[in-house]
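Peer 1:
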Amino acid sequence: MELSPRTDPSVLDRLTNLPVELQRNVLFELLSTETPCAFALFVPEWRVCSHGTDPVNRIYDLQRTDVYTRGTGQDPGVFVSGATHGDGDHVGFSMRTAPANTCVLMEQLRARFPVALDWALRDVERTRLRTFEQVFPRAPDDGIGKCMSHGALVYRSSSSPPGSDDDRLAPRHLMFNGVAKDPWFELRLRRNTETRIGFGMRLFVETEASMVEVDWAVMPQLETVFLDLRSYGRGRVGEEGIRRGAGKMGCLRLRCLVIAGLRSGKWYVRPPGWELCGWEADDREVDGGVNWVKVFCGAVREGGRLVFIDRRIADVDWEGWRARAENDGLLPSTEEVSRGECSEKAYLKHVERVMGDGHHSG
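Okay, so the sequence shown: first residue is 1 according to the working numbering, each after it adds one.
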């Protein structure tokens, strides 16, 4: 629906005659659009979305997505290793749009539909994906450095403008993006002290006024959380520290929890018989690695999903592996590859178009 100050008054008149619930629906569609796939925004340097059906990945198993769906009633949970991410698997969230002549239009809408407009704006804020990016200390022993010295990671909102009052509204979808490099190595380069006492998985958000620790207990309405735990997966934070952090999420009933980095590197390859693991009962997988499904499943409701994204090695030269596959004659025929590339390029153009218009994932 396209509205502007020059819109035929009869359009707004007809909207006036609708019940407030329908007015809210129309205004919600006007003021929001869908983000690019969330898996294109999460750990973006891994390009989870575009490599989800990459034939090179299928050949060499360089990057893997494991999905555990919790059981319901008497039905057991289901674990799928190496789940694909094709055209039908994109996950979008709403984000605020800026219609043409926004100020004048918003004045008109507020004058005619005050209740429906407030309702629509609240729902846009509640249902949009709020994203946070990791930040580093700006000076030795500043607030960020002190948090990190005890194992915490500090983030800043990347989807809300400075001074935004969005935090008054209870979010449903959160994404925490870290960095590919070791943040504690960066901390030491800045000559911050590092204390291992109480080292554990804690998340802080830096606001204009203060440093706020993420408290899952005050967000029971959460439905989706993306956690970049690649830093913790490197072993800087011990297993018990991660378990404590996961335990604090037990108050949640998420539809989906997505975690990156916990089985990357040396724990990436599973041995024969790995399927014998009791995913919600055993503390360890068959190879002795931590059963992260059990650790985090308390945060997910029945029928909800735990998604784990990992890499065999930290830095993957996709073009190099592609050349190797071509030399070994392992890639599909040129016609099949071309069709796949067309589909991928079309989607990536969609991502670039949305992000290039100045919109971010909120």
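Cβ coordinates follow ideal geometry from the N, Cα and C atoms, glycine included.
A quick note: this is a predicted structure, and the numbers were derived from the prediction, not measured.
For residue 175, report the span of its beta strand (DSSP E) as first-last.
Peer 2: Taken as a continuous stretch (DSSP letters only), the beta strand (DSSP E) holding residue 175 covers 173-177.
Peer 1: Counting along the chain, where does the alpha helix (DSSP H) carrying residue 60 start and finish?
Peer 2: Here the alpha helix (DSSP H) through residue 60 covers 55-60.
Peer 1: Can the beta-carbon of residue 260 be found less than 9 Å from the beta-carbon of residue 227?
Peer 2: Yes; because the gap between Cβ atoms is below 9 Å, this pair is in contact.
Peer 1: Between which two residues does the alpha helix (DSSP H) harbouring residue 331 extend?
Peer 2: It is not in any alpha helix (DSSP H) - residue 331 carries neither H nor E in the DSSP assignment.
Peer 1: If you compare alpha carbons, which of 266, 253, 279, 32 is closest to residue 120?
Peer 2: Per the Cα distances, 32.
Peer 1: Name the one or two DSSP bridge partners that residue 32 has.
Peer 2: The partner list for residue 32 (beta bridge, DSSP) reads 96.
Peer 1: On a CA-only basis, which of 276, 155, 115 is nearest residue 133? Give me that one, please.
Peer 2: Closest by alpha carbon: 155.
Peer 1: Which residues in the same chain have their Cβ closer than 8 Å to the Cβ of residue 305, if we skip the five residues on either side of it in sequence?
Peer 2: Cβ within range, chain order: 67, 68, 69, 70, 255, 256, 257.
Peer 1: Hey, which unbroken runs of the beta strand (DSSP E) at 3 residues or more fall wholly within the segment 264-342?
Peer 2: The qualifying runs are 300-311.
Peer 1: Kindly give me the distance between the Cβ atoms of residue 283 and residue 270, rounded to whole angstroms, as I take these residues to be in contact under 8 Å.
Peer 2: Not confirmed; about 16 Å, so no contact.
Peer 1: Assess contact between the segment 48-61 and the segment 131-150, defined as three or more Cβ pairs (one per stretch) separated by less than 8 Å. Is contact present?
Peer 2: With a cut-off of 8 Å, the segment 131-150 and the segment 48-61 do not count as touching, because too few Cβ pairs lie within range.
Peer 1: Can you give the Cα-Cα distance for residue 95 and residue 124, rounded to whole angstroms?
Peer 2: Using only the alpha carbons, I get a separation of about 7 Å.
Peer 1: Would you say the segment 75-94 touches the segment 108-118, given that touching needs at least three Cβ pairs under 8 Å?
Peer 2: No: fewer than three Cβ pairs fall under 8 Å.
Peer 1: Going by DSSP, what residue range makes up the beta strand (DSSP E) through residue 131?
Peer 2: 129-134 is the extent of the beta strand (DSSP E) around residue 131.
Peer 1: Look at the Cβ atom of residue 35, then the Cβ atom of residue 122, and state whether they are nearer than 9 Å.
Peer 2: Not in contact: residue 35 and residue 122 (Cβ atoms no closer than 9 Å).
Peer 1: Between which residues of its own chain and residue 97 is the CB-CB distance below 7 Å, once the five residues before and five after are set aside?
Peer 2: 31, 32, 33, listed in sequence order.
Peer 1: Suppose the cutoff is 7 Å on Cβ atoms and the five residues either side in sequence are ignored; what does the same chain contact list for residue 84 look like?
Peer 2: Same-chain partners within the cutoff: 52, 53.
Peer 1: Check residue 197 in the structure and name its three-state DSSP category.
Peer 2: Here residue 197 scores only 49 on pLDDT, less than 50, and its place in the model should not be relied on; the value that follows carries that caveat. In this structure, residue 197 counts as coil in the three-state DSSP scheme.
Peer 1: If you drop the 5 nearest sequence neighbours on each side, which residues of the same chain put their C-beta closer than 8 Å to that of residue 244?
Peer 2: These residues qualify, in order along the chain: 200, 201.
Peer 1: In the DSSP assignment, what residue or residues form a beta bridge with residue 65?
Peer 2: DSSP, once it has assigned bridges, lists 309 as partnering residue 65.
Peer 1: Can you tell me whether residue 91 is helix, strand or coil according to DSSP?
Peer 2: Correct three-state label for residue 91: coil.
Peer 1: Less than 9 Å separating the beta-carbons of residue 64 and residue 324?
Peer 2: Their beta carbons are not under 9 Å apart, which means residue 64 does not touch residue 324 by this criterion.
Peer 1: Are the CB atoms of residue 20 and residue 170 within a distance shorter than 9 Å?
Peer 2: Against a cut-off of 9 Å, the Cβ pair of residue 20 and residue 170 comes out as no contact.
Peer 1: Just how far apart, CA to CA, sit residue 136 and residue 314?
Peer 2: Rounded to the nearest angstrom, the two C-alpha atoms are 21 Å apart.
Peer 1: Which value, in whole angstroms, describes the spacing of the CA atoms of residue 113 and residue 24?
Peer 2: Rounded to the nearest angstrom, the two C-alpha atoms are 9 Å apart.
Peer 1: Does the Cβ of residue 103 have 16 or more other Cβ atoms within 10 Å, making it buried, or fewer, making it exposed?
Peer 2: Exposed, because fewer than 16 other Cβ atoms sit within 10 Å of the Cβ of residue 103.
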